[in-house]
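Encoded as structure tokens, the structure appears first; notes follow it.
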Amino acid sequence: MAIPEIDPMIPSQFASADAIPSPSPPLQPEEEEEPRNDTHADNQALKAHHILKPESNRSASPHKVHHHAEHPAGGYTTTNGNTTTNGNMLNRITQLTTQHPLLSTLLLAQLICSGVPVALFLGGVVVSAGVAAAIFAALAMLVLGPVLVVTVVLGLGLWGWGWVLFWGGRIAMRVFRGEELGVALGVGVRG
């Protein structure tokens, strides 16, 4: 049986995630051909990356082999054939590191070597910002403190003089209307 050539670098040969696969008709037995050595190695590589299914399950659609979808509770749902496994992000990271050891060790080395200086820089930024805020607050209080003292005194003076004028005007109006000064002040007897 001849195995169709699938080039993993051409995405148009694979079904999209939205496509609903139609059931494929069973394959008719054909003459068995001896696989060529060069395509046999390619087919083994494609099987290792889950692009081709094993020989026993050729009638199933090759586009439904491996699928990842986000799980509603967090993590991912991985579907391989008929088995579905739910895992959290740690399981996904572990799976990726075991599947791609060169990439994962490169990222780990970069994180170790570059992460420490970046963390020290960010720590310095936070400390510098705190010191700058404290210095700014102290210098601002050298200006704002006296200003607040003066404005509080002015506010109290305005409030006090407002009451003095109110009561003084009230007494002046009573005296102007003809009441005696003692009665106008509220200390005398009304007659």
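The C-terminal position of the sequence shown is numbered 682 in the working numbering, with every residue numbered one higher than the one before it.
All C-beta atoms in this analysis are idealised placements derived from N, C-alpha and C, irrespective of residue type, glycine included.
Computed from a prediction, not measured in an experiment: that's the story for all the values here.
For G572, which residues from the same chain have a beta carbon less than 6 angstroms from its beta carbon, with the 5 sequence-adjacent residues on both sides left out? Legend: pLDDT at G572 = 48, less than 50; position of this residue unreliable, value from coordinates given subsequently. Hits under 6 angstroms: none found.
Under a three-way DSSP split, which group does N579 fall into? coil
From what residue to what residue does the alpha helix (DSSP H) around V622 run?
592-668
**Prompt:** Alpha carbon to alpha carbon, what distance is there between R665 and E671?
**Reply:** 8 angstroms
request  = Out of G648, L647, G646, A675, point me to the one whose CA is closest to G659's CA.
outcome  = A675
Roughly how many angstroms separate the alpha carbons of M632 and L593, rounded to a whole number? 57 angstroms
Keeping to the same chain, check which residues put their C-beta closer than 6 angstroms to that of W654; ignore five residues upstream and five downstream. none
- Item | V678 (DSSP reduced to helix, strand or coil) | coil
* Determine, using beta carbons only, whether L602 and S595 come nearer to each other than 8 angstroms. => no
Quiz item: If we ignore side chains and look at the alpha-carbon of each, how far apart do V470 and V641 end up?
Solution: Past the edges of the chain, shown from 492 to 682, lies residue 470, and the structure says nothing about it.
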